[in-house]
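Working notes, structure below.
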């Protein structure tokens with residue numbers, strides 16, 4: 001099922017709530033959700049640590065619990081553009097669509113050269129383009145920037 005712009009916004013707002021929960025537990029404020037073909041939320045995941053990002057952790061759970069045929073019909077929503085590790089996880093899990101709120105480039109502007117978040121200048125579209133199957137990508141959504149950035153402005157001050 002193709003998602004409307006309104007559904008993209010609704011689900012991206014949910015990733016912000018998941019990111020806020022992660023931050024309340026002392027983790028980096030990133031969140032991801034997996035949405036099924038009938039527009040139902042199948043799973044949510046906040047960031048755990050530098051190696052266990054919200055997206056790649058969610059992909060491992062999804063791959064363990066759903067068939068690749070099913071995952072091709074699913075959409076992973078994430079507050080920020082997936083890094084190359086997380087884009088690779090989406091690709092290998094077989095997820096069909098990725099939607100993100102803000103770009104990795106914008107994240108670097110927020111975090112600077114923070115050792116806890118060494119961003120890479122490698123857009124997820126480039127990672128997916130190097131693969132053998134198509135992954136649809138939507139993002140960024142500038143109208144959500146203030147909402148997404150709020151927790152990050154506070155978090156990266158410390």
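In the UniProt record's numbering, the protein residues as written are 1 to 158. Even for Gly, the Cβ is constructed at its ideal location relative to N, Cα and C.
Ranked by how close their Cα comes to the Cα of residue 129, the residues 140, 61 and 84 have 84 in first place. Just measuring C-alpha positions, the residue of 50, 110 and 96 sitting nearest residue 132 is 96. Sequence-distant partners of residue 63 (beyond 5 residues in either direction) whose C-beta falls short of 6 angstroms from its own C-beta, in its chain, are 93.
Shown here, residue 132 sits in coil according to DSSP, grouped into three states, outside any helix or strand. If you ignore the 5 residues before and after residue 6, its C-beta comes within less than 8 angstroms of no other C-beta in its own chain. The continuous beta strand (DSSP E) containing residue 79 extends over residues 75-80.
For the pair residue 15 and residue 32, the CB atoms are nearer than the 7 angstroms cut-off.
In this structure, the CA atom of residue 101 is about 17 angstroms from the CA atom of residue 74. Under the DSSP definition of a beta bridge, residue 148 lacks any partner.
Burial of residue 23 is indicated by the presence of at least 16 other C-beta atoms within 10 angstroms of its C-beta.
Residue range 5-24 is occupied by the alpha helix (DSSP H) that includes residue 9.
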